[in-house]
Amino acid sequence: MGLAIVAALTPPEVEVSLTDENVTVIDFHKETDLVGITALTVTARRAYEIADTFRARGVKVVLGGMHPSVMPEEASQHADAVVIGEAEGIWPGVVEDFKANKLQRMYRQHERPSLLGLPIPRRDLFTEGAYFARHTVSTTRGCPYSCSFCSVTSFFGHTYRCRPVEEIINEVETLSERKLIGFVDDNIVGNPKFAKELFRALIPYKIKWVAQASVTIAKDDELLRLAAASGCIDLFLGFESLSQANLVAVGKRINVVDEYEDVIRKVHSHGIAIHGFFILGLDEDDEDVFKRTLCFAQKMRLESAQFAWPVPYPGTALCETLDKAGRIVTKDWSQYESNIVFEPKKMSRETLQKGRDWVWREFYSIPSIWKRVGVARRNSATLWAVNLYYRAIWQGKLRNNVGKESFLSNFLARKTPS
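Laid out in structure tokens, this is it:
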């Protein structure tokens with residue numbers, strides 16, 4: 043979605059193409075004048091390889107996205123220019139500077155851009171049929187909370203900004219088909235008043251949608267009712283831990299473990315499925331965390347879930363804390379998706395790896411899927427497909443640490459495994 047927005051910000055006289063290496067092989071010999079690459083931490087090493095290859099051919103390269111924004115000096119070693127922060131207000135100037143042969147080394151936002159009047163993303167540049175859900179829409183940016191493990195605030199700041207509801211609806215109306223929309227916000231209910239206005243406006247369109255939200259949605263009956271009425275079929279909720287001490291330590295004070303069961307029952311009572319996020323290996327976790335977390339997720343019949351160990355992404359408070367304590371074992375960014383890159387406090391890295399693997403394997407076993415999803419539940423066919431998708435990934439040994447660094451947008455952008 044990020045590059046589709048950048049493409050929309052590009053002056054109309056400039057010809058633009060988009061390549062997603064998840065679905066298309068990069069043509070390094072294609073005639074091109076300027077290459078823009080966006081990178082998360084886990085893709086930074088590959089982004090640098092791509093950038094170096096194009097630069098070796100004399101092609102100018104601009105790097106942007108979350109990782110280059112928090113590690114601009116590192117990124118600048120592989121690029122002619124680095125965009126720090128969001129592209130709005132910067133990218134058109136980058137293009138004009140390139141045309142004038144005056145690219146600057148760094149481009150930085152001096153204030154957070156307004157979300158008023160954003161262009162419609164260039165979805166026409168996506169590869170047709172390559173994505174689980176082609177239609178993703180952003181309605182807000184940022185998160186009102188400051189969890190130490192999350193990279194959202196390091197990129198978007200501590201403000202929570204909302205697009206005008208009318209403009210969101212106009213974008214929804216441009217979608218060629220609206221069977222399923224993925225709202226890629228980091229927390230779609232961060233501003234309940236805005237969320238209610240948005241959900242009311244969506245009701246007449248009779249769409250189905252999924253999004254990430256905080257567990258606080260269950261504390262507002264009207265908000266939850268409107269979410270369901272507007273077509274919400276699945277919420278991605280960050281439970282994170284079953285230890286209140288862990289939640290306090292990582293700054294997730296809005297979560298109360300004793301309220302989790304009520305949260306789940308209320309969301310389920312509105313016919314909305316739950317995809318739960320759990321972090322295993324926080325400082326208060328011992329080896330019992332694996333069984334406790336699995337039993338909880340199965341007992342509460344979570345339709346799907348993600349189990350990950352903490353990742354100290356650069357720019358986060360967690361990274362700073364672990365780095366100062368000498369507990370980060372590598373800063374090879376290519377290791378940050380599939381390996382444990384810190385020393386856990388109450389278990390070994392090997393124990394954490396094996397425990398996390400066991401939880402995944404048990405949660406996505408056929409008996410577990412049957413008990414949690416069955417056949418009579420609303421959207422049971424879709425829920426089975428999602429569970430079998432994760433099971434296929436696991437059996438295919440693509441056992442990366444699928445955490446929350448832009449998880450929803452990445453999930454929606456993945457191809458169905460063959």
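Residues 43 to 460 in this note's numbering are what the sequence shown lists, from first letter to last.
Even for Gly, the Cβ is constructed at its ideal location relative to N, Cα and C.
Can you tell me which of I296, D75, P134, I68 puts its alpha carbon nearest to the alpha carbon of R88? I68
Can you grab the Cα-Cα spacing for the pair L105 / H310, in whole Å? 42 Å
Cut-off 6 Å between Cβ atoms - residues of its own chain near D374, not counting five sequence neighbours on either side: none
Three-state secondary structure assigned by DSSP to E73: coil
Per DSSP, what are the beta-bridge partners of A251 in this structure? For the record, residue 251 in the displayed sequence is Trp; it is not Ala. Per DSSP, I223, C274.
What are the boundary residues of the alpha helix (DSSP H) that V401 is part of? 391-405
Just curious, the alpha helix (DSSP H) that K341 is in, first and last residue? 331-341
Supposed contact pair V417 and L425 - C-beta distance, whole angstroms, cut 8 Å: At roughly 10 Å, the Cβ-Cβ gap does not stay under 8 Å, so L425 and V417 are not in contact.
Sequence-distant residues of its chain with Cβ nearer than 7 Å to Y247 (five each side left out): V214, R220
Kindly indicate which residue of A121, E91, V84 has the alpha-carbon position closest to the one of Y108. Position check: residue 108 holds Met in this sequence, whereas Tyr was assumed. Of the candidates A121, E91, V84, the one whose C-alpha sits nearest the C-alpha of M108 is V84.
Determine contact between the segment 302-309 and the segment 362-373, defined as no fewer than three beta-carbon pairs at a distance below 8 Å. no
DSSP state of I126 mapped onto helix, strand, coil: strand
What residues in its chain sit with their C-beta under 6 Å from that of V58, if we drop five residues either side in the sequence? A49, T52
Cβ pair count under 8 Å reaching 3, the segment 271-283 against the segment 317-326: yes
In DSSP terms, what V101 is bridged to: V101 pairs with nothing; no bridge assigned.
Where do the ends of the beta strand (DSSP E) carrying G318 lie? 315-321
For R150, does the three-state DSSP call read helix, strand or coil? strand
Could you tell me whether the Cβ atoms of W436 and L394 are closer together than 8 Å? no
On the DSSP letters alone, give me the boundaries of the beta strand (DSSP E) that A350 sits inside. 346-350
Which one of G184, T95, T80 has the shortest CA to CA distance from W133? T80
Measuring only the C-alpha atoms, how far is A121 from V56? 21 Å
Indicate the three-state DSSP secondary structure (helix, strand or coil) for G44 in the structure shown. helix
Please work out which residues of its chain come closer than 8 Å, Cβ to Cβ, to K439, disregarding the five sequence neighbours upstream and downstream, and give them in chain order. Bear in mind that a pLDDT of 48 at K439, under 50, signals an unreliable position, so the model cannot answer this.
Using 10 angstroms around the beta-carbon of S245, count the other beta-carbons present and answer buried if the total reaches 16, otherwise exposed. Here the sequence assigns Ile to residue 245, which means Ser is not the residue at that position. Exposed: under 16 other Cβ atoms inside 10 Å.
Which one or two residues does DSSP pair with F384 in a beta bridge? I370
C-alpha distance - A291 paired with A260, whole-angstrom precision: 23 Å
Short of 6 Å in beta carbon distance, which residues of its chain neighbour T258, apart from the five on each side in sequence? Order them along the chain. I296
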